[in-house]
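Undergrad:
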Amino acid sequence: MKTSNLSKFQKVSTHDFIKSIPLFAHLTNEELSELGRIVVKKHFSKEEMILLEEDTSNYMYFIYSGKVKVVQISEDGREQILAIHKKGESFGEMSLLDGKTSPATVIAMEDADVGLISKNDFERHLLGNIKALKQIISLLSSRLREAWMRLKILSFADSEHRVRAVLKLLSEQNGIKDLKGTIIALKLTHKDIAAYASVSRETVTRIIDRLLKDGEIEILDDKNILLKPPFTEKISVI
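Be aware that the sequence shown starts at 7, since it is given in the numbering used here, and climbs by one per residue.
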(Lines of atoms letter the chains of each structure in order from A and count residues from 1; the text may use other names and numbers.)
(Lines give C-alpha, C1' and ligand atoms only; values in the text may rest on other atoms or scores of the structure.)
Protein backbone atom coordinates (compact mmCIF):
# COMPACT_ATOMS: atom_id res chain seq x y z
CA MET A 1 0.00 0.00 0.00
CA LYS A 2 1.23 3.50 -0.83
CA THR A 3 2.33 5.64 2.09
CA SER A 4 1.87 9.35 2.57
CA ASN A 5 4.70 11.88 2.46
CA LEU A 6 3.20 14.02 5.24
CA SER A 7 5.52 12.64 7.89
CA LYS A 8 8.50 14.02 5.97
CA PHE A 9 7.53 17.68 6.41
CA GLN A 10 9.60 19.97 8.59
CA LYS A 11 8.57 23.27 10.16
CA VAL A 12 9.93 26.48 8.65
CA SER A 13 9.30 30.22 8.89
CA THR A 14 7.29 31.43 5.88
CA HIS A 15 5.87 34.83 6.87
CA ASP A 16 6.94 36.80 3.79
CA PHE A 17 5.93 34.20 1.26
CA ILE A 18 2.56 33.53 2.90
CA LYS A 19 1.78 37.25 2.80
CA SER A 20 2.24 37.24 -0.99
CA ILE A 21 -0.48 34.60 -1.48
CA PRO A 22 -3.91 36.21 -2.18
CA LEU A 23 -5.68 33.79 0.15
CA PHE A 24 -3.64 35.08 3.12
CA ALA A 25 -3.17 38.68 2.02
CA HIS A 26 -5.77 40.10 4.41
CA LEU A 27 -4.37 38.52 7.57
CA THR A 28 -2.71 40.81 10.09
CA ASN A 29 1.06 40.71 10.60
CA GLU A 30 0.47 38.94 13.91
CA GLU A 31 -1.70 36.30 12.23
CA LEU A 32 0.82 35.88 9.43
CA SER A 33 3.64 35.43 11.91
CA GLU A 34 1.67 32.80 13.81
CA LEU A 35 0.71 31.03 10.58
CA GLY A 36 4.35 31.11 9.48
CA ARG A 37 5.38 29.29 12.64
CA ILE A 38 2.95 26.43 12.13
CA VAL A 39 3.29 25.91 8.38
CA VAL A 40 5.46 22.97 7.36
CA LYS A 41 7.45 22.62 4.14
CA LYS A 42 8.75 19.75 2.04
CA HIS A 43 10.81 19.44 -1.12
CA PHE A 44 9.58 17.02 -3.77
CA SER A 45 11.52 15.78 -6.77
CA LYS A 46 10.06 15.62 -10.26
CA GLU A 47 7.42 12.86 -10.59
CA GLU A 48 7.32 12.33 -6.82
CA MET A 49 3.88 11.86 -5.30
CA ILE A 50 2.90 14.76 -3.04
CA LEU A 51 -0.62 13.99 -1.93
CA LEU A 52 -2.71 10.86 -1.73
CA GLU A 53 -6.50 10.77 -1.66
CA GLU A 54 -6.62 9.78 2.02
CA ASP A 55 -4.70 12.95 3.01
CA THR A 56 -6.94 15.42 1.20
CA SER A 57 -9.32 16.18 4.07
CA ASN A 58 -6.54 16.95 6.55
CA TYR A 59 -4.44 19.71 5.00
CA MET A 60 -4.40 22.68 2.67
CA TYR A 61 -1.31 22.95 0.46
CA PHE A 62 0.39 25.87 -1.28
CA ILE A 63 3.36 25.96 -3.62
CA TYR A 64 6.60 27.78 -2.80
CA SER A 65 8.27 26.85 -6.09
CA GLY A 66 7.81 24.50 -9.02
CA LYS A 67 4.64 23.09 -10.53
CA VAL A 68 2.37 20.19 -9.64
CA LYS A 69 -0.38 18.30 -11.42
CA VAL A 70 -3.64 17.02 -9.97
CA VAL A 71 -4.50 13.69 -11.57
CA GLN A 72 -6.92 10.82 -11.44
CA ILE A 73 -5.32 7.44 -12.11
CA SER A 74 -7.43 4.74 -13.75
CA GLU A 75 -7.30 1.06 -12.87
CA ASP A 76 -5.00 0.44 -15.83
CA GLY A 77 -2.59 3.15 -14.62
CA ARG A 78 -3.50 5.92 -17.09
CA GLU A 79 -3.43 9.49 -15.84
CA GLN A 80 -6.15 12.09 -16.41
CA ILE A 81 -4.84 15.55 -15.54
CA LEU A 82 -7.47 17.64 -13.76
CA ALA A 83 -5.39 20.75 -13.05
CA ILE A 84 -1.88 22.17 -12.95
CA HIS A 85 -0.82 24.47 -10.10
CA LYS A 86 2.23 26.75 -9.92
CA LYS A 87 4.09 28.95 -7.42
CA GLY A 88 1.78 30.92 -5.13
CA GLU A 89 -1.25 28.74 -5.83
CA SER A 90 -2.94 26.40 -3.38
CA PHE A 91 -4.98 23.21 -3.40
CA GLY A 92 -6.93 21.12 -0.92
CA GLU A 93 -9.25 23.87 0.37
CA MET A 94 -12.47 22.22 -0.76
CA SER A 95 -11.85 19.03 1.20
CA LEU A 96 -11.17 21.05 4.35
CA LEU A 97 -14.50 22.81 3.93
CA ASP A 98 -16.72 19.74 3.45
CA GLY A 99 -14.58 17.11 5.18
CA LYS A 100 -14.63 14.76 2.21
CA THR A 101 -11.64 13.26 0.46
CA SER A 102 -10.93 14.13 -3.15
CA PRO A 103 -10.53 11.25 -5.63
CA ALA A 104 -7.28 12.66 -6.98
CA THR A 105 -3.53 12.47 -6.53
CA VAL A 106 -1.04 15.35 -6.72
CA ILE A 107 2.35 14.77 -8.37
CA ALA A 108 5.31 17.11 -8.85
CA MET A 109 5.75 18.03 -12.54
CA GLU A 110 9.20 19.38 -11.68
CA ASP A 111 11.22 19.83 -8.50
CA ALA A 112 8.84 21.62 -6.12
CA ASP A 113 8.68 23.01 -2.58
CA VAL A 114 5.24 22.69 -1.02
CA GLY A 115 3.87 23.93 2.31
CA LEU A 116 0.82 22.72 4.21
CA ILE A 117 -1.59 23.98 6.84
CA SER A 118 -3.66 21.65 8.99
CA LYS A 119 -7.44 21.65 9.02
CA ASN A 120 -7.58 23.13 12.54
CA ASP A 121 -5.24 26.00 11.63
CA PHE A 122 -7.13 26.61 8.38
CA GLU A 123 -10.39 26.97 10.30
CA ARG A 124 -8.86 29.11 13.04
CA HIS A 125 -7.02 31.58 10.82
CA LEU A 126 -9.18 31.80 7.70
CA LEU A 127 -12.81 30.84 8.29
CA GLY A 128 -13.25 33.56 10.91
CA ASN A 129 -11.86 36.29 8.62
CA ILE A 130 -14.49 37.78 6.30
CA LYS A 131 -11.92 39.02 3.77
CA ALA A 132 -10.24 35.63 3.69
CA LEU A 133 -13.66 34.00 3.21
CA LYS A 134 -14.25 36.18 0.14
CA GLN A 135 -10.91 35.01 -1.25
CA ILE A 136 -11.90 31.40 -0.62
CA ILE A 137 -15.20 31.94 -2.46
CA SER A 138 -13.34 33.53 -5.37
CA LEU A 139 -10.91 30.60 -5.44
CA LEU A 140 -13.70 28.02 -5.43
CA SER A 141 -15.44 29.91 -8.24
CA SER A 142 -12.28 29.72 -10.34
CA ARG A 143 -12.05 25.98 -9.61
CA LEU A 144 -15.61 25.58 -10.87
CA ARG A 145 -14.83 27.47 -14.08
CA GLU A 146 -11.79 25.23 -14.63
CA ALA A 147 -14.01 22.17 -14.18
CA TRP A 148 -16.46 23.51 -16.76
CA MET A 149 -13.61 24.07 -19.19
CA ARG A 150 -12.32 20.52 -18.70
CA LEU A 151 -15.81 19.16 -19.40
CA LYS A 152 -15.99 21.30 -22.53
CA ILE A 153 -12.64 19.95 -23.74
CA LEU A 154 -13.72 16.36 -23.12
CA SER A 155 -16.96 16.98 -25.01
CA PHE A 156 -15.05 17.53 -28.25
CA ALA A 157 -15.17 14.35 -30.34
CA ASP A 158 -12.23 15.38 -32.53
CA SER A 159 -8.78 14.71 -31.02
CA GLU A 160 -7.14 17.72 -32.67
CA HIS A 161 -9.87 19.97 -31.32
CA ARG A 162 -9.16 18.64 -27.81
CA VAL A 163 -5.41 19.16 -28.10
CA ARG A 164 -5.84 22.69 -29.45
CA ALA A 165 -8.29 23.51 -26.64
CA VAL A 166 -5.84 22.19 -24.01
CA LEU A 167 -3.01 24.30 -25.41
CA LYS A 168 -5.27 27.35 -25.43
CA LEU A 169 -6.37 26.73 -21.82
CA LEU A 170 -2.78 26.27 -20.63
CA SER A 171 -1.74 29.44 -22.44
CA GLU A 172 -4.48 31.35 -20.63
CA GLN A 173 -3.42 29.96 -17.26
CA ASN A 174 0.36 29.96 -17.73
CA GLY A 175 0.96 32.14 -20.78
CA ILE A 176 3.65 34.77 -21.24
CA LYS A 177 3.14 37.23 -24.09
CA ASP A 178 6.01 37.39 -26.55
CA LEU A 179 6.63 39.33 -29.78
CA LYS A 180 6.19 36.04 -31.65
CA GLY A 181 3.06 34.92 -29.79
CA THR A 182 2.26 33.37 -26.39
CA ILE A 183 4.69 31.09 -24.54
CA ILE A 184 3.19 28.36 -22.36
CA ALA A 185 5.47 28.57 -19.33
CA LEU A 186 5.32 24.85 -18.62
CA LYS A 187 7.67 22.07 -19.67
CA LEU A 188 4.99 19.82 -21.13
CA THR A 189 5.61 16.34 -22.45
CA HIS A 190 3.37 14.74 -25.04
CA LYS A 191 2.24 12.44 -22.24
CA ASP A 192 1.13 15.46 -20.15
CA ILE A 193 -0.89 16.92 -23.01
CA ALA A 194 -2.42 13.52 -23.73
CA ALA A 195 -3.42 13.14 -20.07
CA TYR A 196 -5.09 16.55 -20.12
CA ALA A 197 -6.94 15.97 -23.40
CA SER A 198 -7.79 12.29 -22.77
CA VAL A 199 -6.23 11.11 -26.02
CA SER A 200 -3.30 8.81 -26.69
CA ARG A 201 0.30 10.05 -26.57
CA GLU A 202 0.74 8.88 -30.17
CA THR A 203 -2.20 11.08 -31.21
CA VAL A 204 -0.68 14.10 -29.46
CA THR A 205 2.68 13.49 -31.16
CA ARG A 206 1.00 13.36 -34.57
CA ILE A 207 -0.97 16.58 -33.94
CA ILE A 208 2.02 18.46 -32.48
CA ASP A 209 4.16 17.45 -35.48
CA ARG A 210 1.50 18.80 -37.82
CA LEU A 211 1.18 22.08 -35.88
CA LEU A 212 4.97 22.48 -36.04
CA LYS A 213 5.02 21.79 -39.77
CA ASP A 214 2.21 24.28 -40.40
CA GLY A 215 4.02 26.98 -38.40
CA GLU A 216 1.29 27.32 -35.78
CA ILE A 217 3.54 26.48 -32.84
CA GLU A 218 7.24 26.34 -32.03
CA ILE A 219 9.17 24.31 -29.44
CA LEU A 220 11.67 26.62 -27.75
CA ASP A 221 15.13 25.72 -26.46
CA ASP A 222 13.77 25.39 -22.89
CA LYS A 223 11.09 22.97 -24.18
CA ASN A 224 8.28 25.47 -23.63
CA ILE A 225 5.68 25.72 -26.40
CA LEU A 226 5.20 28.99 -28.30
CA LEU A 227 1.72 29.48 -29.74
CA LYS A 228 2.14 31.66 -32.83
CA PRO A 229 -0.50 33.96 -34.41
CA PRO A 230 -1.77 31.33 -36.91
CA PHE A 231 -2.62 29.04 -33.97
CA THR A 232 -4.37 31.85 -32.08
CA GLU A 233 -6.36 32.89 -35.13
CA LYS A 234 -7.52 29.34 -35.80
CA ILE A 235 -8.43 28.46 -32.21
CA SER A 236 -10.48 31.66 -31.89
CA VAL A 237 -12.99 30.41 -34.44
CA ILE A 238 -13.25 26.82 -33.14
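Quick reminder that beta carbons are idealized off the backbone N, C-alpha and C, glycines included.
1) Check residue 71 in the structure and name its three-state DSSP category.
2) Could you check which residue in 47, 51, 52, 229 has the C-alpha nearest to that of residue 65?
3) Three-state secondary structure (DSSP) at residue 223?
4) Short of 6 Å in beta carbon distance, which residues of its chain neighbour residue 95, apart from the five on each side in sequence? Order them along the chain.
5) Could you pull the start and end residues of the alpha helix (DSSP H) that residue 137 belongs to?
6) Excluding the 5 residues flanking residue 186 on each side, which residues of the same chain have their C-beta closer than 7 Å to its C-beta?
7) Counting only the same chain and skipping the five closest in sequence on each side, list residues whose C-beta sits under 7 Å from that of residue 92.
8) Just to confirm the assignment, what range does the beta strand (DSSP E) spanning residue 32 have?
9) Going by DSSP, what residue range makes up the alpha helix (DSSP H) through residue 99?
10) Which value, in whole angstroms, describes the spacing of the CA atoms of residue 87 and residue 241?
11) Classify residue 5 as helix, strand or coil using the three-state DSSP reduction.
12) For residue 50, which of 183, 112, 140 has the nearest alpha-carbon?
13) Go through its chain and collect everything with a Cβ distance to residue 160's Cβ below 7 Å, but skip five positions before and after it.
14) Compute the Euclidean distance between the alpha carbons of residue 216 and residue 158, then round it to the nearest angstrom.
TA: Quick look at the numbers:
1) Stepping through the sequence shown from its first residue, residue 71 is reached at position 65. Three-state DSSP puts residue 71 in a strand.
2) The residue you call residue 65 lines up with position 59 of the sequence shown. Here the closest residue by C-alpha is 47.
3) Locating residue 223 in the sequence shown gives position 217, where the first residue counts as 1. Residue 223 falls in the strand class under three-state DSSP.
4) Against the sequence shown, residue 95 aligns to sequence position 89. Contacts found: 69.
5) To locate residue 137, count along the sequence shown from 1; it is residue 131. 136–161 is the extent of the alpha helix (DSSP H) around residue 137.
6) Counted from its first residue, the sequence shown places residue 186 at position 180. Around residue 186: 232, 234.
7) Numbered from 1 along the sequence shown, position 86 holds the residue referred to as residue 92. Cβ within range, chain order: 69, 73, 180.
8) Taking the sequence shown and counting its residues from 1, the one referred to as residue 32 is at position 26. It is not in any beta strand (DSSP E) - residue 32 carries neither H nor E in the DSSP assignment.
9) Your numbering for residue 99 matches position 93 in the sequence shown. Segment 99–104, the alpha helix (DSSP H) holding residue 99.
10) To locate residue 87, count along the sequence shown from 1; it is residue 81. To locate residue 241, count along the sequence shown from 1; it is residue 235. In a straight line, the C-alpha of residue 87 is about 21 Å away from that of residue 241.
11) This structure gives no information on residue 5, because the portion of the chain shown stretches from 7 to 244.
12) As a first step, residue 50 is located in the sequence shown; it is residue number 44 there, counting from the start. Closest by alpha carbon: 112.
13) Walking along the sequence shown from the start, residue 160 turns up at place 154. Counting only Cβ-Cβ distances below 7 Å, and skipping sequence neighbours, we find 204.
14) Residue mapping note: residue 216 aligns to position 210 of the sequence shown, counting from 1. Residue mapping note: residue 158 aligns to position 152 of the sequence shown, counting from 1. Cα-Cα distance, rounded: 23 Å.
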